[in-house]
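These notes are about the structure you will find just below.
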Amino acid sequence: MIGLGLVLLQAVCAYLDGFLTQAQMRRRGIMNGYSFMEHGGMWADVFVITPLVAFIMGNYKLPFYTGPGIITMMFLMFGAIGLGMLFSRQALEHPEAHTHDGQTTAAGWVHGLYAVFGLSVCVLFYLFPVVPQISTRDLLIVSSILTLFFPLGMMKFSKQWKPDRNFWIFLSIEVVALWSVTLVRMKWT
0 MIGLGLVLLQ
10 AVCAYLDGFL
20 TQAQMRRRGI
30 MNGYSFMEHG
40 GMWADVFVIT
50 PLVAFIMGNY
60 KLPFYTGPGI
70 ITMMFLMFGA
80 IGLGMLFSRQ
90 ALEHPEAHTH
100 DGQTTAAGWV
110 HGLYAVFGLS
120 VCVLFYLFPV
130 VPQISTRDLL
140 IVSSILTLFF
150 PLGMMKFSKQ
160 WKPDRNFWIF
170 LSIEVVALWS
180 VTLVRMKWT
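The opening residue of the sequence shown carries number 0 in numbering that gives the first Met the number 0; numbering runs sequentially from there.
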């Protein structure tokens with residue numbers, strides 16, 4: 000429920016900012032950006048990541064309150080801030096609900112919080128001992144679902160969006176990294 004609540008809060012922030020729908024953006028005179036509703040990552044958060052995080056947390060005890068868990072979350076928090084700064088520069092050309100006018104929006108900050116928590120769950124699941132030990136079946140299921148998430152998370156459901164070279168590069172890196180970690184974790188499990 001927390002994950003869905005954070006996505007809903009992003010939608011409210013985007014609405015108040017005039018970036019929930021393409022119609023809202025047009026009324027603001029923005030013709031070259033992407034609304035919250037067009038963001039594939041938002042749909043992936045609702046239908047893929049939130050249920051996946053619930054599955055992992057419902058079946059495994061993760062080491063959140065250990066030294067490695069806290070360091071992981073801090074590292075991911077700083078990474079999210081850095082990525083937010085990078086995306087705010089990229090969104091100068093194509094403004095979005097999460098970042099426009101060179102700034103991270105309220106929706107963007109909420110998304111960052113959501114991302115840090117979701118990533119923390121995944122990193123702790125893959126890289127640290129959990130209780131009970133991860134089954135190979137669950138590991139393959141989680142990795143397969145994340146593989147489907149990666150392209151959806153970067154897509155924009157808009158006629159003006161086309162997957163470019165960077166899309167394919169990032170997608171390839173994500174998939175190779177995920178399955179490399181999965182294979183290592185399978186040997187460790």
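Glycine included, each C-beta is placed from N, C-alpha and C at the ideal position.
In terms of Cα proximity to L139, the closest of M153, V130, F124, L151 is F124.
For Y33, the beta-bridge partners assigned by DSSP are E95. In the DSSP assignment, P150 falls within the alpha helix (DSSP H) that extends over 135-153. Here V47 is buried, its C-beta having at least 16 other C-beta atoms within 10 Å. DSSP, read as helix, strand or coil, puts V109 in helix. Using a C-beta cut-off of 8 Å, the stretch 112-121 makes contact with the stretch 39-54, since at least three inter-stretch Cβ pairs fall below that distance.
For P50, the enclosing alpha helix (DSSP H) has its first and last residue at 49-58. Looking only at V180, G107, L182, the smallest Cα-Cα distance to A13 is reached by G107. DSSP places V130 within a strand segment (E or B) once states are collapsed to three. With respect to the C-alpha of D137, the residue from M84, G57, V11, K161 having the closest C-alpha is G57. Counted as a single uninterrupted DSSP element, the alpha helix (DSSP H) harbouring D16 occupies residues 1-16. In this structure, Y33 sits near H93, with a CB-CB distance shorter than 8 Å. Rounded to the nearest angstrom, the gap between the Cα atoms of L112 and M76 is 8 Å.
Comparing alpha-carbon positions, the option among M84, T135, L170 lying closest to L151 turns out to be L170. Residue environment for V115: buried (at least 16 other C-beta atoms within 10 angstroms of its C-beta). With distances taken between CA atoms, A96 lies nearest to L19 out of R184, L19, T181, Q132.
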